[in-house]
Structures are given as structure tokens and as C-alpha cells.
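Here's the structure we're looking at; comments come further down.
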Amino acid sequence: MALLNVDFHSYYLGMDSPLTVLLPEKRGRKPEAAPDKKYPVLYLLHGHADDNTAWIRKSDLELLVRDHDVIVVMPSAHRSFYTNGKYGHLYFDYITKELPIVVSNFFPASTRREDTFIGGLSMGGYGALKAALSCPEQYAGVAAMSAANSPFEAMKAAGTMFSVSDFMDNVYHIFGDEEEYKGSKDDLEYLAKQTAASTVPKPKIYHSCGQQDPLYSLNVEFKQFMETNCPDLDYHYCECEGNHNWGFWNPQLKCILEYFGLIPASQEKSGT
Numbered sequence: 052m053a054l055l056n057v058d059f060h061s062y063y064l065g066m067d068s069p070l071t072v073l074l075p076e077k078r079g080r081k082p083e084a085a086p087d088k089k090y091p092v093l094y095l096l097h098g099h100a101d102d103n104t105a106w107i108r109k110s111d112l113e114l115l116v117r118d119h120d121v122i123v124v125m126p127s128a129h130r131s132f133y134t135n136g137k138y139g140h141l142y143f144d145y146i147t148k149e150l151p152i153v154v155s156n157f158f159p160a161s162t163r164r165e166d167t168f169i170g171g172l173s174m175g176g177y178g179a180l181k182a183a184l185s186c187p188e189q190y191a192g193v194a195a196m197s198a199a200n201s202p203f204e205a206m207k208a209a210g211t212m213f214s215v216s217d218f219m220d221n222v223y224h225i226f227g228d229e230e231e232y233k234g235s236k237d238d239l240e241y242l243a244k245q246t247a248a249s250t251v252p253k254p255k256i257y258h259s260c261g262q263q264d265p266l267y268s269l270n271v272e273f274k275q276f277m278e279t280n281c282p283d284l285d286y287h288y289c290e291c292e293g294n295h296n297w298g299f300w301n302p303q304l305k306c307i308l309e310y311f312g313l314i315p316a317s318q319e320k321s322g323t
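Here the numbering used here = 1-based position in the sequence shown + 51.
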């Protein structure tokens, strides 16, 4: 893969913003012109306190997609929960409205829904689910690992996992108070029911969590909600041994790429 670090001016954020991008590259082969070739796109969203470089520095992503025809786009969203903050920047609009246009303008990226996927871990798992459930017409699939499905409940469940001193204040600055959050366009359960009841195409959903993760019970509750209230959604849940770390996310990343058909499926499975 070719690795690019891109800085561009974001209209929705009103500032320069970085992207880390992997582009298909046939290593060891003579280059051939393919001006009309368009590739599927996977947007990968980082977790709280990470940035756009996390997937490259901490995972096997580049090795997994090497020699495969997929573009991987990794934006930075700071600690925004990929949301238009009540007292903050328009990160949801940045992810769902701006990036698809910017990416297709900059790179040989397909703009077809069936070629567009989004995934993330922890805070990025929430962001990926929010994007796909809010804009199901844009994404063929969404993957969420160890998701902070409800930021307020995640605060309570995580204990000392989020050591940033102003973590709670930041959540309130983004979402307002907890009562404002419930049943709003930021509430994943509300969005899932809205998507299930709609007539638009619905994304495949891959959801996973490690059994030793501080957010495990929160993810199990979301699984139960989805299976009970949204049986018509194409929803797959996976759990296995693992904590809130790259030891769990790395093998799951491989499963996600296979699940969406972005790399060939192997015979190995990482959970049920």
C-alpha cells in the first residue's frame, strides 16, 4: 500500500485537518495506467485520546490490506465523539458530508454506496454507528469494536479507563445533559429504530467486544437491544476473550475486513 499523510482545509471545521490514507499499490509489479479505476473505501475512526495515526502505528492494518484493492481513510476527530458538539465543532458533518467529497476528489475512490464502509473502536465505534445509522443511504456496512455506545453510560462503566481529567466535562460540552441525549439524533438506540423502520437501504452491522472490556456490559446491552427491537437489520455480534486494547482490536480488524469482503476470507475465526 501507498501511505499518504494529507493536510487540507476543512470547510465544516473551519481549520486545517489531517488525514492518513492507504492507497492500493501492486508491489513489485510494473505500473499500469488505470485512469478510470475506482476503489472501495473504508473509513476508520480512532478512539478517545488517539488520532488519525493510531491505526498505522498500533495495528496490522497496512499488512492486512496490502495488495488488496481498497482505500482506507483515517481522519482525526480529537475527542469529539464524531458529533456536532453542542459547544464545539461540526465533526459529524465533517465525517459524513465533507470527507466523502474530499476523498473522491483527491483519490480514485468509488462514490457508490455498495463500495463505502465505516468502522471504529471505542469512541470511534460510537462514531461509526452514528454515521451509518444516521446516513444509511451512504454506507454498505459499519463495524464497531468495544463501542462507547452511550457516552454517558460509558463514563459510568469505564471507571478509571479514561484518565483525562475533563472527560466528563467534555461529554457534557458535546451532548448537553443526559436527558437531552436520550431519544435525540445522538442516541444510537433511537437511530437504530429509525433506520429499522425506514425504507432506505440498510447497512450490514458488525459489532464486537472483548469479554474483559470495562465496556462489555454496555455492549451486551446494545446487542440485546438490537436483537429485540431491530430484528430486520442485518446485525452480527461477536465476542471473545479480550480487553479494551489492541490485543483485541487487531484480530477483530481482520474479521471486519473479511466480513465486508475487502480482503479474502480465511478459515480462522476470532470469536462467535
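Quick reminder that beta carbons are idealized off the backbone N, C-alpha and C, glycines included.
Given the structure is predicted, the values throughout are model-derived calculations rather than measurements.
Report task. Say whether the stretch 193–201 touches the stretch 167–182, bearing in mind that this needs 3 or more beta-carbon pairs closer than 8 Å, one atom from each stretch. Result -> Yes: at least three Cβ pairs fall under 8 Å.
Query raised in the report: If you draw a straight line from the C-alpha of His224 to the C-alpha of His295, how long is it?
Result: Distance between the alpha carbons of His224 and His295 is about 25 Å.
Requested in this report: Closer than 7 Å by C-beta to Phe203: which residues in its own chain qualify, once you throw out the five before and the five after it? Chain order, please.
Outcome: Cβ-Cβ distances below 7 Å link Phe203 to Val222, Glu229 and Tyr232 in the same chain, with the five nearest sequence neighbours on each side left out; the list follows chain order.
Query raised in the report: Shortest alpha-carbon distance to Pro252 belongs to which of Gln263, Leu308 and Ala183?
Result: Here the closest residue by C-alpha is Ala183.
Query raised in the report: What residues are listed by DSSP as bridge partners for Leu55?
Result: According to DSSP, Leu55 bridges with Val72.
Report task. List the whole-angstrom C-beta distance separating Gly192 from Tyr257, where the pair is believed to meet the contact cut-off of C-beta under 8 Å. Result -> For Gly192 against Tyr257, the beta-carbon gap comes to about 7 Å, under 8 Å, which counts as contact.
Query raised in the report: Quick one: what does DSSP say Leu93 is sitting in, helix, strand or coil?
Result: Taken through DSSP and simplified to helix, strand or coil, Leu93 comes out as strand.
Query raised in the report: So what does DSSP say about Phe273, is it helix, strand or coil?
Result: Per DSSP, reduced to three states, the secondary structure at Phe273 is helical.
Query raised in the report: In the structure shown, what three-state DSSP assignment does Glu240 receive?
Result: Helix.
Query - Three-state secondary structure assigned by DSSP to Asn156 - result: Assigned with DSSP and collapsed to three states, Asn156 falls in helix.
**Report entry** Cβ distance (whole Å) where Pro75 is taken to contact Ile122 below 8 Å
**Finding:** 7 Å between Cβ atoms; contact.
Requested in this report: Let me know if Asn103 comes out buried or exposed under the rule of 16 or more other beta-carbons within 10 Å of its beta-carbon.
Outcome: Under this definition Asn103 is a buried residue.
Query raised in the report: Which residues in the same chain have their Cβ closer than 7 Å to the Cβ of Lys314, if we skip the five residues on either side of it in sequence?
Result: First, the residue type needs correcting, since residue 314 is Ile and not Lys in the sequence shown. Counting only residues of its own chain and dropping the five nearest sequence neighbours on each side, Ile314 has a CB closer than 7 Å to the CB of Leu115, Val116, His119 and Leu308.
Query raised in the report: Could you give the distance in angstroms between the alpha-carbon of Met52 and the alpha-carbon of His129?
Result: Each residue's alpha carbon lies about 26 Å from the other.
**Report entry** Ser321 - DSSP class collapsed to helix/strand/coil
**Finding:** For Ser321, the predicted structure reports a pLDDT of 46, less than 50, and the residue's modelled location is therefore unreliable. A value from the coordinates is still provided. In the structure shown, Ser321 sits in coil (DSSP, three-state: anything other than H, G, I, E or B).
Query raised in the report: With Leu70 and Pro126 assumed to form a contact (beta carbons below 8 Å), what rounded beta-carbon distance in angstroms separates them?
Result: Between Leu70 and Pro126, the beta carbon gap of about 6 Å places them in contact (Cβ cut-off 8 Å).
**Report entry** Bridge partner(s) assigned by DSSP for Lys88
**Finding:** For Lys88, which the question treats as bridged, DSSP gives no partner whatsoever.
Query raised in the report: CB-CB under 7 Å to Gln318, same chain, minus the five flanking residues each way: which ones, in chain order?
Result: Reliability of the predicted coordinates at Gln318 is poor, the pLDDT of 49 falling under 50, and no value is obtained from them.
Requested in this report: Classify Gly178 as helix, strand or coil using the three-state DSSP reduction.
Outcome: Under the three-state reduction of DSSP, Gly178 is assigned to helix.
Query - Which of helix, strand or coil DSSP assigns to Val222 - result: In this structure, DSSP gives Val222 a helical state, which the three-state scheme calls helix.
Report task. Give the DSSP-derived three-state secondary structure of Gly234 in the structure shown. Result -> Annotated three-state conformation of Gly234 is coil, per DSSP.
Requested in this report: Check each candidate in Asp67, Glu113, Tyr94 and Lys109 and name the one with the smallest Cα separation from Arg78.
Outcome: Among Asp67, Glu113, Tyr94 and Lys109, the Cα nearest to that of Arg78 is on Glu113.
Query - Ala84 classed as buried or exposed, judged by whether at least 16 other C-beta atoms fall within 10 angstroms - result: Ala84 is exposed by the Cβ-count criterion.
Query raised in the report: Which residues does DSSP pair with Ser61 in a beta bridge?
Result: Met66, per the DSSP bridge assignment.
Requested in this report: Along the beta strand (DSSP E) that carries Ile33, what are the first and last residues, could you check?
Outcome: Given that the chain is displayed from residue 52 to residue 323, the structure contains no residue 33 and the question cannot be resolved.
Query - Spatial neighbours of Pro254 in its chain, beta-carbon cut-off 7 Å, leaving aside the 5 residues before and after - result: Residues Ala183, Pro187, Tyr190, Ala191, Gly192 and Val193 of the same chain have their beta carbon placed closer than 7 Å to that of Pro254, with the five preceding and five following residues left out of the count.
Report task. Taking 8 Å as the threshold, find out whether the stretch 92–99 comes into contact with the stretch 158–170 through three or more Cβ pairs. Result -> In short, these stretches touch, since the Cβ pair count reaches three.
Query raised in the report: For Gly234, which residues from the same chain have a beta carbon less than 6 Å from its beta carbon, with the 5 sequence-adjacent residues on both sides left out?
Result: Once the five neighbours on either side are set aside, the close Cβ partners of Gly234 are Tyr241.
Report task. Quick one: residues in its chain with C-beta nearer than 8 Å to the C-beta of Ser249, no 5 flanking neighbours on either side, listed in chain order? Result -> Cβ contact annotation for Ser249 (same chain, cutoff 8 Å, sequence separation greater than five): Pro187, in chain order.
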